[in-house]
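Report on the following structure.
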Amino acid sequence: MSHSAHRRTAAVTALALAGLLTAAVPATAAPGSPASAATSPAALAAPDIPIANVKAHLSELQSIAGANGGNRAHGRPGYKASIDYVKAKLDAAGFTTTVQQFTSSGATGYNLIADWPGGDPNQVLMAGAHLDSVSSGPGMNDNGSGSAGVLETALAVSRAQLQPAKHLRFAWWGAEELGLVGSRYYVNNLPTADRSKISGYLNFDMIGSPNPGYFVYDDDPTIEQTFKDFYTGLGVPTEIETEGDGRSDHASFKNVGIAVGGLFTGASRSKSSAQAQKWGGTAGQAFDRCYHSSCDTMSNINDTALDRNSDAIAHAVWTLSAGSTVPPGDVYETTGDVAIPDNGAAVTSSVTVSGRTGNAPATLKVGVDIKHTWRGDLVVDLLAPDGTAYRLKNSSGSDSADNVIATYTVNASAEAANGTWKLRVQDVAAQDTGYIDSWRLTF
0 MSHSAHRRTA AVTALALAGL LTAAVPATAA PGSPASAATS PAALAAPDIP
50 IANVKAHLSE LQSIAGANGG NRAHGRPGYK ASIDYVKAKL DAAGFTTTVQ
100 QFTSSGATGY NLIADWPGGD PNQVLMAGAH LDSVSSGPGM NDNGSGSAGV
150 LETALAVSRA QLQPAKHLRF AWWGAEELGL VGSRYYVNNL PTADRSKISG
200 YLNFDMIGSP NPGYFVYDDD PTIEQTFKDF YTGLGVPTEI ETEGDGRSDH
250 ASFKNVGIAV GGLFTGASRS KSSAQAQKWG GTAGQAFDRC YHSSCDTMSN
300 INDTALDRNS DAIAHAVWTL SAGSTVPPGD VYETTGDVAI PDNGAAVTSS
350 VTVSGRTGNA PATLKVGVDI KHTWRGDLVV DLLAPDGTAY RLKNSSGSDS
400 ADNVIATYTV NASAEAANGT WKLRVQDVAA QDTGYIDSWR LTF
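So the sequence shown is numbered by numbering that gives the first Met the number 0: it starts at 0 and just counts up by one.
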C-alpha cells in the first residue's frame, strides 16, 4: 500500500476520491452509492482456494526478493522477476497476458494484465493487486499477499474452466508504492469507451497482516455486500476500511467513476481492545508491525487471514462475474462543447427530454465527461427542469487529478421527466482550464 498521498507534480498526480460513485442528491439529503452490478441467484459457488497454493506463490516472491537485493521494488530486478513469474503461471493456464510498460522516476515499470477468454466484452469485471514492494524489504504482506491471492484465484478460474456472463480481467500493478503510478497509467490510457465497459474493479492490498483485522471497502454497495455476505457466512464480523482510503490502486479506478471494492487487513494503525476482542490478536499493536520494513517476510503473514481473504476473492469473482446485464434505459445526450471560464461564472449545457410520462426515476443516471486540467477546481450540479439543483461534485483543493469522467446516480423521482435538464459547471479557482465535452441522462 502506498504510504501517503502525493502533491500535484508533473510526474505523480494525486487521486481524488470525493464521491465519484455516490448518488447525487439535494444538499439537504445524505448521499448513498448506486448498485453497480446485479448478481444472479444461479451463480456457481466459488471453489475453496488452497492456502498452500497461495503460500507457494508467496514463497516464490520471497525467493525472488532474496536473489535480487532483498526487495521487489519498482525499477529493481526483483520487480521484473516477479512479473515474469506471475505471467508464466497465467500463460500456462490459458490466459491472454499483456505487459504494459510505463516510466516513473527514471525507471521502466510494468503492469501485467491477464484476460480470461469469453464473457461479455461490454461487461468487464477486474480484480487486481500491486506487485511491487518498497525498497526496504521483500513485501510479503504488502503486497505479496494480495498478489498471490489474486493469482491463485485466476488459476482457479482456469482449473474450473469458468464461463461467466461477464468478461474477467486480472491485473498486477507496478509502482504503486510511488503513488499508484501503474494503475493510474493503465486507467488514463484506456479510451473512455473501454472505461465504461468495466463494471467493477476489486482491489486486494495487504490481506494477510500478522495481527489482522477484517476490513471491507464501502465504495460500492453491491461489491461491499458481496464481501460482507461471505464473511457473514463464516461468522466473522467486518468493519469498514478507512486506513487505506485513497492509498491503493482502487483510487485510480474510482477517480474515473468505476465501481470499486476490496479487502484489507490493516497496516500501521494499532488494533483496539474492541477489535482484539472481536478478531483475536493483540490490542495496542499495529495490524502489521513490519509495514514497509525489512521484516515483511513470509513470517509476517497470518495464514488464517490470508486463507479467508483468498476465498473471499474467489467468492466475489464468481458471484459478480455471473451477474445478469441490466438492459440500458433511454438515453438523452448532448456532445456540444461548452468552455468553462477559469475562476469564472458557472456555465450550463442542456439536454431536452420529451415524450415521457410522469416523473424521472429514483435512479436517474447522469454521465459526465468534462475535460479539465485540475478537476479539484470544479463544482458540478444537475439542474432539473424546475431549477432544483442536485450536487454531483464539490470542489476540493486536494483533488488534483485531471478530468471528470464519471456516472452519478440522482434520486430525481420528485421531478417531472420532461423538460430541459442542465449540467452546471463552475471553476472556482484560478490557473486551470477546461470544457464540458459531453453529458447524458439515462432513464
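Positions of the beta carbon are idealized from the N, C-alpha and C atoms, including for glycine.
To the nearest angstrom, report how far apart residue i and residue j are at their CA atoms.
i, j, result
"Lys370", "Thr191", "12 Å"
"Pro211", "Lys277", "11 Å"
"Gly354", "Leu440", "14 Å"
"Ala338", "Val346", "8 Å"
"Thr102", "His73", "10 Å"
"Ser394", "Asp219", "22 Å"
"Asn67", "Leu150", "22 Å"
"Leu167", "Gly343", "44 Å"
"Leu377", "Thr432", "10 Å"
"Ser247", "Ala258", "15 Å"
"Ala428", "Ala400", "15 Å"
"Met297", "Leu189", "35 Å"
"Lys364", "Ala282", "45 Å"
"Ser157", "Val352", "47 Å"
"Glu59", "Asn52", "11 Å"
"Lys54", "Tyr389", "49 Å"
"Glu179", "Gly375", "A small fix is needed here, since residue 179 is Leu in this sequence, not Glu. Those two C-alpha atoms are separated by around 19 Å."
"Ala411", "Pro384", "11 Å"
"Ala315", "Asp90", "23 Å"
"Tyr84", "Tyr185", "21 Å"
"Gln430", "Gln100", "32 Å"
"Leu139", "Ala64", "Checking the displayed sequence, the identity of residue 139 turns out to be Met instead of Leu. So the two alpha carbons sit approximately 10 Å from each other."
Residues in the same chain with beta-carbon distance under 6 Å from residue i, minus the five sequence neighbours each way, listed in chain order, please.
i, result
"Asp329", "Phe442"
"Ser437", "Thr334 and Asp368"
"Tyr216", "Glu240, Gly260 and Gly261"
"Gly181", "Gly108, Asn110, Trp172, Gly173 and Ala174"
"Gln425", "Ala345 and Val378"
"Asn299", "Met139, Asn140, Pro209 and Cys289"
"Pro46", "Ala155"
Within its chain, find whatever has a CB closer than 7 Å to the CB of residue i; leave out the 5 residues flanking it on each side and keep chain order.
i, result
"Gly357", "Ala416"
"Phe286", "Ser208, Asn210, Pro211, Gly212, Thr264, Gly265, Ala266, Arg268 and Lys270"
"Ala106", "His73 and Gly74"
"Asp336", "Tyr434, Ile435 and Asp436"
"Lys88", "Leu150 and Leu154"
"Asp119", "Ala164, Lys165, His166 and Thr324"
"Ser81", "Leu60, Ile63, Arg71 and Leu130"
"Asp228", "none"
Across which residues does DSSP place residue i in a beta bridge pair?
i, result
"Gln425", "Val378"
"Glu332", "Arg439"
"Tyr389", "Leu381"
"Tyr200", "Met125 and Val259"
"Tyr213", "Note: Tyr213 sits in no beta bridge, so no partner."
"Thr97", "Ile112"
"Trp172", "His129"
"Ala415", "Asn358"
"Ala338", "Tyr434"
"Leu167", "Trp115 and Leu124"
"Ile369", "Val403 and Ile435"
For a cutoff of 7 Å on Cβ pairs, would you count residue i as touching chain C?
i, result
"Phe286", "The structure shown has no chain C; it contains just one protein chain."
Can you check which of these residues, the options, is closest to residue i by C-alpha distance?
i, options, result
"Leu452", "Val409, Gln284, Asp426 and Ala361", "An answer regarding residue 452 cannot be provided, because it is not within the stretch 0 to 442 covered by the chain."
"Arg194", "Ala51, Asp385, Val133 and Thr406", "Thr406"
"Gly127", "Arg423, Ala313 and Ala388", "Ala313"
"Leu262", "Lys253, Val403, Ser309 and Thr303", "Ser309"
"Gly386", "Arg423, Gly117 and Ser146", "Arg423"
"Ala159", "Met139, Trp172, Asn187 and Trp115", "Trp115"
"Gly232", "Leu179, Asn254, Ala311 and Asn402", "Ala311"
"His249", "Gln430, Arg183 and Asp302", "Arg183"
"Leu161", "Ser132, Gly117, Lys196 and Asn187", "Gly117"
"Leu177", "Thr152, Val133, Phe169 and Gln284", "Val133"
Looking only at its own chain, which residues have a Cβ that is under 8 Å from the Cβ of residue i, when we skip the five neighbours before and after it?
i, result
"Val235", "Tyr213, Trp278 and Arg307"
"Leu319", "Ala36, Thr38, Leu124, Lys165, Ser198, Gly199, Leu201, Thr221, Ile222 and Thr225"
"Ser135", "Asn70, His291, Ser292 and Ser293"
"Ala304", "Ile206, Gly207, Ser208, Pro211, Tyr213 and Thr264"
"Gln274", "Gly212, Glu238, Gly280 and Ala282"
"Ala361", "Asn410, Ala411 and Ser412"
Pop quiz: residue i and residue j are said to be a contact at Cβ under 8 Å. What is the actual Cβ separation, rounded to whole angstroms?
i, j, result
"Lys79", "Leu111", "Actually they are not in contact, since the Cβ atoms of Lys79 and Leu111 sit about 11 Å apart, beyond 8 Å."
"Leu130", "Ser104", "That belief does not hold up - the Cβ atoms of Leu130 and Ser104 are roughly 17 Å apart, past 8 Å."
"Ser144", "Ile48", "With a Cβ gap of about 13 Å, Ser144 and Ile48 do not count as contacting."
"Asp204", "Gly148", "Not a contact, Cβ separation roughly 10 Å."
"Asp141", "Asp295", "6 Å"
"Val403", "Lys392", "6 Å"
"Thr419", "Ser349", "5 Å"
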